[in-house]
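Trainee: In our numbering, the protein residues as written are 2 to 80.
Note that beta-carbon positions come from the ideal geometry of N, C-alpha and C, so glycine has one too.
Just dropping this structure here.
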């Protein structure tokens with residue numbers, strides 16, 4: 002499907018110069034971007050993010066740590 006190919010960078014003419022990323026690196030980038038996007042969508046609400054992503058809490062926190070994601074950056078700031 003075209004959307005999946007675009008998300009993973011598998012479309013030919015839009016590739017940047019140089020060697021394309023190997024699949025594991027593309028998947029890693031896609032995973033981090035997806036988690037960030039979901040956190041933005043739910044304003045940092047971890048429970049809501051878990052429901053959307055469909056992954057266990059431990060897995061979520063492992064992935065957040067691996068991608069260096071700051072959860073506080075997605076939460077609303079209180080004055």
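What's the C-alpha gap between residue 29 and residue 76?
Mentor: One-based indexing of the chain shown puts residue 29 at position 28. One-based indexing of the chain shown puts residue 76 at position 75. If you take the alpha carbons of residue 29 and residue 76, they lie about 24 Å apart.
Trainee: Considering only residues of the same chain and omitting the five flanking positions on each side of residue 64, which have a CB-CB separation below 7 Å?
Mentor: The residue you call residue 64 lines up with position 63 of the chain shown. So the qualifying residues of the chain are 32, 36.
Trainee: For residue 49, I'd like the list of residues in its chain whose CB is within less than 7 Å of its CB, leaving aside the five on either flank, ordered along the chain.
Mentor: Counted from its first residue, the chain shown places residue 49 at position 48. Correct list, in chain order: 43.
Trainee: Whose C-beta lies closer than 7 Å to the C-beta of residue 58 among residues of the same chain, with five residues either side of it excluded?
Mentor: Here residue 58 corresponds to residue number 57 of the chain shown, with the count starting at 1. These residues qualify, in order along the chain: 51.
Trainee: My understanding is that residue 22 touches residue 39, with C-beta atoms under 8 Å, so please give their C-beta distance in whole angstroms.
Mentor: Counting from one through the chain shown, the residue named residue 22 turns up at place 21. Counting from one through the chain shown, the residue named residue 39 turns up at place 38. Contact doesn't hold; Cβ gap of about 22 Å is too wide.
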